[in-house]
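Structure record follows, encoded as structure tokens.
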Amino acid sequence: MRGYTHDKDRYLKRMRRIEGQVRGIARMIEEDEYCIDVLTQVSAVTKALQAVSLGLLDEHLQHCVAEALADGGEDAEAKVKEASEAIARLVRS
């Protein structure tokens, strides 16, 4: 079971909403909407994706990493390294 499994429906609902926003941005571009309006929507999608990312990261830390740390061993080190790398990618994005 993944850390986000208990919130899977909520994550899927948020991703569908984001998908709709992205389609809306494409439609805005097709219809030659004002640049700032398009950029505003891009910013909103970016913020929404960041919120999903942070939620998934939190779930991963609380479930997968915490469980690996409790079990100890090489898997714990690997999970911490993996989480650190994921955090670094999120910070750079």
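Following the numbering used here from start to finish, the sequence shown increments by one per residue and tops out at 73.
Each residue gets a CB set at the ideal place from its N, CA and C atoms; glycine is no exception.
Under the three-state DSSP convention, the category GLU13 falls into: coil
Helix, strand or coil at SER73 [DSSP, three-state]: SER73: coil per DSSP, three-state reduction.
Spatial neighbours of VAL22 in its chain, beta-carbon cut-off 7 angstroms, leaving aside the 5 residues before and after: ILE5
Rounded distance between the beta-carbons of GLU47 and ASP(-13), thought under 8 angstroms: That belief does not hold up - the Cβ atoms of ASP(-13) and GLU47 are roughly 17 angstroms apart, past 8 angstroms.
ILE9 to TYR(-9) span [Cα, whole Å]: 27 angstroms
Neighbour-count burial assignment, VAL45, 16 or more Cβ in a 10 Å radius: Around the Cβ of VAL45, a 10 Å sphere holds 16 or more other Cβ atoms; the residue is buried.
Any 3 or more C-beta pairs closer than 8 angstroms across the region -8 to 1 and the region 48 to 60: no
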